[in-house]
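Trainee:
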Amino acid sequence: MAGWLLCIYGAIPLARDIQEFVAVRGGQQLFLWPALLGLGAAAAWLGRAAARGTVSLSPVRALVLLVVAGLFAGLVWSLRDNPEESLHCLQYAVLGALLFRALRRHPGGQALYWSAALAGIGLGMVDELIQWLVPDRTFDYRDIGINGLSVVLAQVAIAAGSGPGPTVFASPRTGWRTVLHLAAVDLLLLLFCLANTPDLQRWLPSAVRFDEVTAEYGYRHCDQRLGVFFSRLDRVELARQERERAAEVAAVLDRYAGEERYRAFLATYPANRDPLLVEARVHLFRRDRYAFLADQSRDDGNLRQRYARIAVGENLLMETVFPAVLAHSGYRWPPAMRATLQAWAGPAGPYRSPVSADLITVASRPVLLTLVAGLLVLVSWGGRRVGRAKTR
Numbered sequence: 000m001a002g003w004l005l006c007i008y009g010a011i012p013l014a015r016d017i018q019e020f021v022a023v024r025g026g027q028q029l030f031l032w033p034a035l036l037g038l039g040a041a042a043a044w045l046g047r048a049a050a051r052g053t054v055s056l057s058p059v060r061a062l063v064l065l066v067v068a069g070l071f072a073g074l075v076w077s078l079r080d081n082p083e084e085s086l087h088c089l090q091y092a093v094l095g096a097l098l099f100r101a102l103r104r105h106p107g108g109q110a111l112y113w114s115a116a117l118a119g120i121g122l123g124m125v126d127e128l129i130q131w132l133v134p135d136r137t138f139d140y141r142d143i144g145i146n147g148l149s150v151v152l153a154q155v156a157i158a159a160g161s162g163p164g165p166t167v168f169a170s171p172r173t174g175w176r177t178v179l180h181l182a183a184v185d186l187l188l189l190l191f192c193l194a195n196t197p198d199l200q201r202w203l204p205s206a207v208r209f210d211e212v213t214a215e216y217g218y219r220h221c222d223q224r225l226g227v228f229f230s231r232l233d234r235v236e237l238a239r240q241e242r243e244r245a246a247e248v249a250a251v252l253d254r255y256a257g258e259e260r261y262r263a264f265l266a267t268y269p270a271n272r273d274p275l276l277v278e279a280r281v282h283l284f285r286r287d288r289y290a291f292l293a294d295q296s297r298d299d300g301n302l303r304q305r306y307a308r309i310a311v312g313e314n315l316l317m318e319t320v321f322p323a324v325l326a327h328s329g330y331r332w333p334p335a336m337r338a339t340l341q342a343w344a345g346p347a348g349p350y351r352s353p354v355s356a357d358l359i360t361v362a363s364r365p366v367l368l369t370l371v372a373g374l375l376v377l378v379s380w381g382g383r384r385v386g387r388a389k390t391r
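Start counting the sequence shown at 0; every next residue gets the next number (our numbering).
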C-alpha cells in the first residue's frame, strides 16, 4: 500500500510532462483506457472466481457489483473532456483495495470498510495539498471528490464481492473508534482547506510565498441577458472597480496581449490578489481561443457553431460586465469580426461561463467553517465516548 501511495504522490511533479508526452504520441484520450481496462480486469477476475466457486455471488450482490461498475465507468467517461483526470479513478480505486487489505489487521466487520474509505478520502486530500505546494499544479476540490468516490466505490465492490471481513480487534467498539478518529482527521484536513484563503496571508506572512490558495469564496451571478458567470467580487464592487480602474487594467492587459504571454501574465498576477484584472484576462483568453478554433473549423459546421457560441458568449460578457476595460484596451473586436462570429454562432440561449467556476459559492466562509468545525467537535466527542466506554 505504501509503495502505491508513493507512486501516486511521486508522480505529481511529473504530471505535466507525462500529459504532454502522451498527448503528442497518442492523444489525450489514451488516458481513459487505463481506468477502463482496470475495470475490465477486475470484472474478469471476479467472473473467473465466481465460476470456480471461490467467490459466492447472490443475485443482490451481483446487482450491486453491476451498479458499482456502471458508476465507475460513468465517472471515467464524465472526465473525457479532461481525460488525464480519469487516472485518479484507477489510482484511488486500487488504493482503496490496498487500504482494505492493510486495515484487515485492525478494525473488522462493517467498520473495516468505513475505515478504508475514510483513510482513502484523507489521503486524497493530502494529494491535493501536495499539488497546492508543487509549482504548476493546482488544488481542486473536484479531484478530492473523484479520489474519494473512487475509494468508496472500491469498498462497496469489496463488500459486495467478499462480504464482511473477520473482526480482529478485541471489541467491535474499537473498530468504530478508529472510524471516528479517521473522520476527525479528514474533517481537520477539510477545515484547513476551507480556511486557507487569501486572508490567511494577512496574519501569516510566510504564506505569501504561495501564489495559490486552497479556498476562494465568491459569487454566482445570474443575468437575464448574459446567463451565469462567477466572480470573486459582488456586482456592486465589480462595477465600482471596473469603472474606477478601467484605464489601469486595460494597460496591463495590452502589455500581456497574445496567447504566448498568457502564462507569464498568470504567473505575475495571481487571481486572489487582483480579481478584476485576472478575471477579465481569463475571459478574454477564452474568447480569443474559441474564436480561433471556430475559424479553424470551417469544414465542420456543428463544431464551428459550438466554438463560436462560446466566443460570442465571452465577448458579450466582456461588453456587459467589463465595458470600460474593453473600451480602453486593444481587445475590442472589429465590427466585421463580431458580425461573422455571431453569424456562425446563430441564435443561442443563456451562456454559462466556466471562468472562476471553482469558487466556493454555496455558502460563505464563516458558515462553512462553523459547520465543519461543529462536525469535528461532534466526531471528536464521539470518539472519546467510544474510548471511555471500552475502558469501563
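Idealized CB from N, CA, C, for every residue including glycine.
When you compare each of 12, 286, 293 to residue 351 by their alpha carbons, which one comes out closest?
Mentor: 286
Trainee: In this structure, how does DSSP classify residue 138 when only helix, strand and coil are distinguished?
Mentor: Annotated three-state conformation of residue 138 is coil, per DSSP.
Trainee: May I ask which residues mark the beginning and end of the beta strand (DSSP E) holding residue 21?
Mentor: Taken as a continuous stretch (DSSP letters only), residue 21 belongs to no beta strand (DSSP E), being part of the alpha helix (DSSP H) at 14 to 24.
Trainee: Helix, strand or coil for residue 376? Go by DSSP, reduced to three states.
Mentor: helix
Trainee: On a Cα-Cα basis, can you pick out the residue from 124, 256, 348, 99 that is closest to residue 329?
Mentor: 256
Trainee: Please name the residue in 369, 245, 80, 60 whose C-alpha comes closest to that of residue 26.
Mentor: 80
Trainee: With DSSP as the reference, identify every bridge partner of residue 180, one or two as the case may be.
Mentor: Note: residue 180 sits in no beta bridge, so no partner.
Trainee: Do residue 94 and residue 122 count as a contact pair if the criterion is CB distance below 9 Å?
Mentor: yes
Trainee: Where does residue 46 land, buried or exposed, given buried means 16+ other C-beta within 10 angstroms?
Mentor: The residue is exposed, with fewer than 16 neighbouring Cβ atoms inside 10 Å.
Trainee: For residue 188 versus residue 382, is the C-beta spacing smaller than 9 Å?
Mentor: no
Trainee: Taking its Cβ as the centre, do 16 or more other Cβ atoms sit within 10 Å of residue 369, making it buried, or is it exposed?
Mentor: exposed
Trainee: Relative to the C-alpha of residue 140, which residue among 192, 197, 82, 134 is closest?
Mentor: 192
Trainee: With H, G and I counted as helix, E and B as strand and the rest as coil, what does DSSP make of residue 227?
Mentor: strand
Trainee: Output the distance between the C-alpha atoms of residue 73 and residue 147, rounded to the nearest integer angstrom.
Mentor: 15 Å
Trainee: In this structure, does DSSP put residue 219 in helix, strand or coil?
Mentor: strand
Trainee: What do you reckon, are the CB atoms on residue 215 and residue 271 nearer than 9 Å?
Mentor: yes
Trainee: Here's the rule I'm using: 16 or more other beta-carbon atoms within 10 Å means buried, otherwise exposed. How should residue 20 be labelled?
Mentor: Counting Cβ neighbours within 10 Å, residue 20 comes out exposed, since fewer than 16 surround it.
Trainee: Note the first and the last residue of the continuous alpha helix (DSSP H) segment covering residue 298.
Mentor: Looking at the DSSP string, residue 298 is not in any alpha helix (DSSP H), and its letter there is neither H nor E.
Trainee: CA-CA distance, residue 243 and residue 142?
Mentor: A direct Cα-to-Cα measurement between residue 243 and residue 142 gives close to 38 Å.
Trainee: Going straight from the alpha carbon of residue 371 to that of residue 120, what length do you get?
Mentor: When rounded, the distance between both Cα atoms is 16 Å.
Trainee: Which of helix, strand or coil does DSSP assign to residue 330?
Mentor: coil
Trainee: Are residue 161 and residue 54 closer than 9 Å when you measure CB to CB?
Mentor: yes
Trainee: Among the residues of its own chain, which have a CB less than 6 Å from the CB of residue 155, if the five just before and after it don't count?
Mentor: Taking residue 155 as the centre and dropping the five residues before and after it, the same chain places the C-beta of 67 closer than 6 Å to its C-beta, in chain order.
Trainee: How long is the line joining the alpha carbons of residue 301 and residue 48, rounded to whole angstroms?
Mentor: 47 Å
Trainee: Work out the CA separation of residue 320 and residue 59 for me, nearest whole Å.
Mentor: 54 Å
Trainee: For the region 27 to 75, list the alpha helix (DSSP H) runs that are entirely contained and at least 4 residues long, ordered along the chain.
Mentor: 31 to 51
Trainee: Looking only at its own chain, which residues have a Cβ that is under 7 Å from the Cβ of residue 363, when we skip the five neighbours before and after it?
Mentor: 216
Trainee: Reducing DSSP to helix, strand and coil, say where residue 255 ends up.
Mentor: Coil, per DSSP.
Trainee: So, helix, strand or coil for residue 104, using DSSP?
Mentor: In this structure, residue 104 counts as coil in the three-state DSSP scheme.
Trainee: If you follow the alpha helix (DSSP H) that residue 354 is in, where does it begin and where does it stop?
Mentor: Premise fails: residue 354 is in no alpha helix (DSSP H) and is neither H nor E.
Trainee: How big is the Cα-Cα spacing for residue 128 and residue 211?
Mentor: 11 Å
Trainee: What residues in its chain sit with their C-beta under 7 Å from that of residue 332, if we drop five residues either side in the sequence?
Mentor: 314
Trainee: Taking 6 Å as the limit between beta carbons, can you name the residues of its chain near residue 149, skipping five residues before and five after?
Mentor: 88, 91, 92
Trainee: Look up residue 350 in the DSSP assignment and say whether it is helix, strand or coil.
Mentor: strand
Trainee: Which of helix, strand or coil does DSSP assign to residue 264?
Mentor: helix
Trainee: When the Cα atoms are used, what is the spatial distance from residue 392 to residue 182?
Mentor: What is shown of the chain runs 0 to 391, which leaves residue 392 out entirely.
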